[in-house]
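S.K.:
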Amino acid sequence: MVTFCLLNGSINYLINRLIISLTLCITYSLSIAQFNRDSLLTIIESDESTLSQKIQSLNDLAYRYRVSHPDSTLNLGQECLRMAEEIDDRLGVANAMLSMSTAHTNLGNYYDAIKGFREARLIFEELKETERIASCVNNIGALYNSIKDYDQALE
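Residues 1482 to 1636 in the numbering used here are what the sequence shown lists, from first letter to last.
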């Protein structure tokens, strides 16, 4: 009985330590995420940042919001797309399409997502961005799988 009480006390101690550790990790992660978001906003709002830097920062911010705030990702992506097209930044255009397509996926707009991933893929192919091409192909296949169009998923 004494052994069980000691063991039970040790388990409670470990569980309490685990909860404290997890709480600290989550708090730290949230503070880092806030710092990164604030840093990106500073670049976007700065008059000293180049348009290319702003486009990159908008894309980064849109990517960070893709799951938690997909509507914001769509708005940021549209702004990024407009700016990238203005200076003919093909990588910026494709990255904006990629972010918006991911947001469409998270919102359940699968056909809009497929269209966007296809358009982004064409630009990534021009730019020989193989990692991003693979990402687009993978997402297109997964979306067709989700809507049970298996023949298209295999293409």
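Ideal Cβ positions, reconstructed from N, Cα and C, are used throughout, including at glycine. Please read these numbers as outputs of a predicted model, since none were measured by experiment.
Going by beta carbon distance, what residues of the same chain come within less than 6 Å of Phe1598, once the five residues before and after it are set aside?
M.R.: Result list for Phe1598: Ser1582, Cys1617, Asn1620, Ile1621, in chain order.
S.K.: Let me know the secondary structure DSSP gives Ser1582 once reduced to three states.
M.R.: It is helical.
S.K.: Spell out a yes or no on whether the region 1602-1615 and the region 1624-1633 are touching, meaning 3 or more CB-CB pairs, one atom from each, closer than 8 Å.
M.R.: These segments do not touch.
S.K.: Closest to Asn1587 by CA distance: which of Val1574, Asp1570, His1550, Arg1571 is it?
M.R.: For Asn1587, the nearest C-alpha among the options comes from His1550.
S.K.: DSSP three-state call for Ile1536: helix, strand or coil?
M.R.: Reduced to three states, the DSSP call for Ile1536 is helix.
S.K.: CB-CB under 6 Å to Ala1543, same chain, minus the five flanking residues each way: which ones, in chain order?
M.R.: Counting only Cβ-Cβ distances below 6 Å, and skipping sequence neighbours, we find Thr1554, Leu1557, Gly1558, Ser1580.
S.K.: Which residue marks the beginning of the alpha helix (DSSP H) containing Lys1596, and which one marks its end?
M.R.: 1591-1608 is the span of the alpha helix (DSSP H), which, as asked, contains Lys1596.
S.K.: Taking only the alpha-carbon atoms, compute the straight-line gap between Ala1565 and Tyr1591 and give it to the nearest angstrom.
M.R.: Cα-Cα distance, rounded: 24 Å.
S.K.: Taking the straight line between their C-alpha atoms, what separation do you get for His1585 and Leu1603?
M.R.: Whole-angstrom Cα-Cα distance: 18 Å.
S.K.: What are the boundary residues of the alpha helix (DSSP H) that Ile1628 is part of?
M.R.: Looking at the DSSP string, Ile1628 is not in any alpha helix (DSSP H), and its letter there is neither H nor E.
S.K.: Is it right to say Glu1636 is buried, meaning 16 or more other beta carbons lie within 10 angstroms of its own, or is it exposed?
M.R.: Looking at its Cβ environment, which holds fewer than 16 other Cβ atoms inside 10 Å, Glu1636 is exposed.
S.K.: Would you tell me roughly how many angstroms separate the C-alpha atoms of Asp1552 and Asp1632, rounded to the nearest one?
M.R.: Their backbone Cα atoms lie some 30 Å apart in a straight line.
S.K.: Starting from Arg1563, follow the alpha helix (DSSP H) in both directions and report where the run begins and ends.
M.R.: Looking at the DSSP string, the run of the alpha helix (DSSP H) that includes Arg1563 is 1551-1567.
S.K.: Of all the options Glu1607, Asp1593, Arg1545, Asp1630, which has the alpha carbon lying nearest to the alpha carbon of Leu1572?
M.R.: Among Glu1607, Asp1593, Arg1545, Asp1630, the Cα nearest to that of Leu1572 is on Glu1607.
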